[in-house]
Amino acid sequence: MAPLVIRRTRSAWRYIVPCMGDLVGRARESELLATLLDQAVSGRGRVVLIAGEPGIGKTRLAQEIAMRAEAAGVRVSWGRASDDEGSPPYWIFRQTARALGTALPSALTEGGTESDSAAARFEAFEEFTERLGKIAEPRGLLVVLDDLHWADAGSLGLLVHLARGMAETRLMLVATYRDTEIGGAAPTAALAALAHEPGHTRIRLAGLPPPDVRRQLELVTGREVPAGVAAAVSRRTGGNPFFVNELAPLLGADTSTLPDGVLDSVRVRLARLTGQSRELVCTAATLGDELDPVALAAVTDQPVEVVLGALDEAGGAGLLTHAAGWRFRHDLIREAARASLPTAARAVAHARLAAWLTDRPDAVERAAEIAHHWLAALPVGEPRQAVEWAELAGDRALAGLAWEQAADFYRRALAVDVKLPPGDRVRLLLRHSTALIHNGDIRTAATLLARSAEIARAADDPYALGAVALAMEGMSDPWDTFTGERLAAEALARLPTEDSPLRVRLLALRAGEAGFTGGGDCDRISAEALAMARRIGDGAVLRSALRARQMARSGPDGVRERLDLADQMLVLGATEHDDDTLLWGRLWRFDALTMLGRLDEAEAELAPMRQLTQRLRRPLARWHYLRRTAATALSRGRFDEAVADTRELARILARRRRPGDTDEAAALCASIGAAAARLGMAPLVRRADQLAGTLRGDRPSGLTRREAEVAAHVAEGLTNRQIASLLGISERTAESHVQHILAKLGSTNRTQIAAWVAEQR
1 MAPLVIRRTR SAWRYIVPCM GDLVGRARES ELLATLLDQA VSGRGRVVLI AGEPGIGKTR
61 LAQEIAMRAE AAGVRVSWGR ASDDEGSPPY WIFRQTARAL GTALPSALTE GGTESDSAAA
121 RFEAFEEFTE RLGKIAEPRG LLVVLDDLHW ADAGSLGLLV HLARGMAETR LMLVATYRDT
181 EIGGAAPTAA LAALAHEPGH TRIRLAGLPP PDVRRQLELV TGREVPAGVA AAVSRRTGGN
241 PFFVNELAPL LGADTSTLPD GVLDSVRVRL ARLTGQSREL VCTAATLGDE LDPVALAAVT
301 DQPVEVVLGA LDEAGGAGLL THAAGWRFRH DLIREAARAS LPTAARAVAH ARLAAWLTDR
361 PDAVERAAEI AHHWLAALPV GEPRQAVEWA ELAGDRALAG LAWEQAADFY RRALAVDVKL
421 PPGDRVRLLL RHSTALIHNG DIRTAATLLA RSAEIARAAD DPYALGAVAL AMEGMSDPWD
481 TFTGERLAAE ALARLPTEDS PLRVRLLALR AGEAGFTGGG DCDRISAEAL AMARRIGDGA
541 VLRSALRARQ MARSGPDGVR ERLDLADQML VLGATEHDDD TLLWGRLWRF DALTMLGRLD
601 EAEAELAPMR QLTQRLRRPL ARWHYLRRTA ATALSRGRFD EAVADTRELA RILARRRRPG
661 DTDEAAALCA SIGAAAARLG MAPLVRRADQ LAGTLRGDRP SGLTRREAEV AAHVAEGLTN
721 RQIASLLGIS ERTAESHVQH ILAKLGSTNR TQIAAWVAEQ R
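The numbering of the sequence shown is the UniProt record's numbering, which starts it at 1 and goes up by one.
Shown next as structure tokens:
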């Protein structure tokens, strides 16, 4: 088989898998991709997932449509995920952006804002979606994302966001992944989300049939292959094109010379190398996807010229390719070579590479890579280095809004078997909790924070205890695992009584909690916090105290003070050139003026509020603004305008895809339905009842909507293949749905499913 070539083109790094002749056995899939590309170029964005086992030809098929696209004048960009855990967040899209002459939004690479990080990430995702949409004009854009099964959670989140926002663009996304290796919550959730997008198509590649295997063998070997030999290869390989290619050069006069598996065929090639070259290649497979001869020389303590000689030898054996850098010709080859190195040798190699990278001037930028190698070196390597670099990698991921990757680094740092001082362990737990909170995993975060509080309390560290108390500031834990207000009171009792920023924030937290619960100390505590903040003179501390005081005075008797607090917030925002602070000042002024009946003055606040929301470009900021414009329009009798603003509010909330309070929503539906019934509005009653049923999840026995749909088709006597064809899913997916239905219903056969469906009707 000709080697994999990576060729630099005007549009992208392209992973080109040469085939000696036409692409074998994929005519139907190729034509489908061409049709979808035409649709995308015409302005109907498309997302295509190409799934299959390793070596089945996913990348080769993607390269085929890429060549067609470039021939038609469509720009093409490639990104490739790596199975190296040290790759930076959003790696697959960093490559894509670089190839297109652009970059990811700085919030994803240089650090995000701590205020409303979810909104900041949404904003950054929107910006990148708009950027690709513009690049796609006017001739179209094809983005190929290879090896999606290795993509980090942030990249998967960005992919889902792109898919939801590209319906009216000239963009086509093609992603390849191994469906045999999809695991974990993030990839599963991403694939499920993509499956529900209207522009989504999934192509699953199966093995080639024997006639195509025979044709491929003849293309590779350049000679006629007997049908019996081709049939034997087909049976042995399952029609996997990569496996067929690997076995082709080893064909003898009969099939008895075939090795037992492709890994054996790779081992045969490795065995042909000299001992030193074989060891160097296997070590290189352990260290990363791309081979750096200088790094490999440092790790193996060999001269660079010796390393280059070994790489040349491996290239001649068909294991490596050297075009725009040394690489393994296929991931399967690298995996086989890596498996050939003993565990201890792998750990030593990781430790040596980590130490070498640590001394480089770009070490901080490569923190994720260095952390990966120190962690992989354990227990041979240095545990404290593993903790330190994992924490730094987590910090950089958190700053770049890659919360999932940050949480993983902090988790791995905490799992290292090393005794940490209490303050260090609390700091790691806090950062891990912060990443989980940003990612919506409040329950796990609350459990970690409760453990942090125990450590801080045992160490008699009120400062750490105060930091733990503030970790979920402005949030609540529905499981009551963690209560920040109680910890704040405890920390305040232990802290020195003199003024400090921490003391102000803890007082503000207590005041806010008392305001929510109706505690009698809210007014006193918030006044104390505000007075102390003014003495300290720090803007961030003053902002926290002003918000606590505004909440404390939220009743009718506090409206005039709230108007004054709003003016103070505006002064602070102007002094610090902070649009967030200015927006809160405008929102507070609008609310206070409205409550005072000064509607003309309140409406005058909308214009500067609108300018602020445009500068901030955050969905939550626009949501606050639209709530006020809708209320104003309603009070002025401009009902069409109020309805339009309310509908945009709904679209913003739906676009954020944040989980809501379904119980409250169901209660509201019931209330609306009752009111509509009293007014004789029968259509609205039906709509409210239907929505309430959806919110309640009216699907007995815990079946999902799709499972209920599949169960109905089973009752109609359809086979799995017929159901798959009808619903546009794979036969294997249909089979999986049926198995889930049987398990949930406690049934053992399809007849019992049909009987259950009949009972429900």
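Backbone N, C-alpha and C define an ideal beta-carbon position, used for all residues, glycine too.
Bear in mind that the values here come from a model prediction, so they are computed numbers and not experimental data.
- The stretch 114-128 makes no contact with the stretch 21-41; the number of CB pairs closer than 8 Å stays below 3.
- Rounded to the nearest angstrom, the Cβ distance from Thr283 to Thr300 is 6 Å, consistent with a contact under 8 Å.
- Taking a C-beta distance under 8 Å as the contact criterion, Glu218 and Val229 do not qualify as a contact pair.
- For Val306, no beta strand (DSSP E) run applies; the uninterrupted alpha helix (DSSP H) run containing it begins and ends at Val304 to Gly316, by DSSP.
- By the C-beta density criterion, Gln739 is exposed, having fewer than 16 other C-beta atoms within 10 angstroms.
- Contact between the stretch 154-169 and the stretch 129-146 is present: three or more C-beta pairs spanning the two stretches fall below 8 Å.
- Residue state for Ser747 is assigned as coil, using DSSP reduced to three classes.
- The shortest CA-to-CA distance from Trp588 to any of Ala566, Leu634, Met609 and Arg598 is the one to Ala566.
- If you draw a straight line from the Cα of Ala508 to the Cα of Ala192, it comes to about 42 Å.
- In the three-state scheme derived from DSSP, where H, G and I count as helix and E and B as strand, Met681 is classed as coil.
- When C-beta atoms of the stretch 662-681 are compared with those of the stretch 637-650, fewer than three pairs fall below 8 Å, so the two segments do not count as touching.
- Annotated three-state conformation of Glu290 is strand, per DSSP.
- With a cutoff of 8 Å on beta-carbon distance, Ala458 and Ala488 are scored as not near each other.
- In this structure, the beta-carbon distance from Gly79 to Thr96 falls below 8 Å.
- Under the DSSP assignment, Tyr177 falls in the beta strand (DSSP E) whose first and last residues are Leu171 to Arg178.
- Excluding its 5 nearest sequence neighbours in each direction, Val559 has C-beta neighbours in its own chain below 7 Å: Ala592, Met595 and Leu596, listed in chain order.
- As the crow flies, the alpha-carbon of Ala231 is around 8 Å from that of Arg214.
- Restricting attention to Gly55, Glu29 and Gly43, the CA atom closest to the CA of Leu49 is found in Glu29.
- By the neighbour-count definition (other C-beta atoms within 10 Å, threshold 16), His577 is an exposed residue.
- Boundaries of the beta strand (DSSP E) around Ala51: Arg46 to Gly52.
- Cβ atoms of Val418 and Val387 come within 8 Å of each other, at about 6 Å.
- Where Ile455 is concerned, the enclosing alpha helix (DSSP H) starts and stops at Ile442 to Ala458.
- The residues Arg505 and Ala508, in chain order, have a CB closer than 6 Å to that of Ser544 in the same chain once the five nearest residues on each side in sequence are set aside.
- Counted as a single uninterrupted DSSP element, the stretch harbouring Val76 is not any alpha helix (DSSP H) but the beta strand (DSSP E) occupying residues Arg75 to Arg80.
- Shown here, Val299 sits in a helix according to DSSP, grouped into three states.
- As computed with DSSP, Arg204 is found in a beta bridge with Ala51.
- If you look at Leu620, you'll find it isn't in any beta strand (DSSP E); it sits in the alpha helix (DSSP H) that goes Pro619 to Ser635.
- If you draw a straight line from the Cα of Leu653 to the Cα of Trp91, it is about 28 Å long.
- Restricted to the stretch 118-159, the beta strand (DSSP E) segments that are unbroken, complete and at least 3 residues in length are 141-146, listed in chain order.
- In terms of Cβ geometry, Arg170 and Gly43 form a close pair [threshold 8 Å].
- Taking C-beta atoms under 8 Å as the contact rule, Leu156 and Ala186 qualify, at a distance of about 5 Å.
- With a threshold of 16 other beta carbon atoms within 10 Å, Thr434 meets it and is buried.
- Considered as a whole, the stretch 490-574 harbours no complete run of any beta strand (DSSP E) with no fewer than 3 residues.
- Per DSSP, the unbroken beta strand (DSSP E) holding Thr321 starts and ends at Leu320 to His322.
- Arg615 and Ile437 have their alpha carbons spaced roughly 26 Å apart.
- Counting only the Cα atoms, Met172 lies some 15 Å from Ala195.
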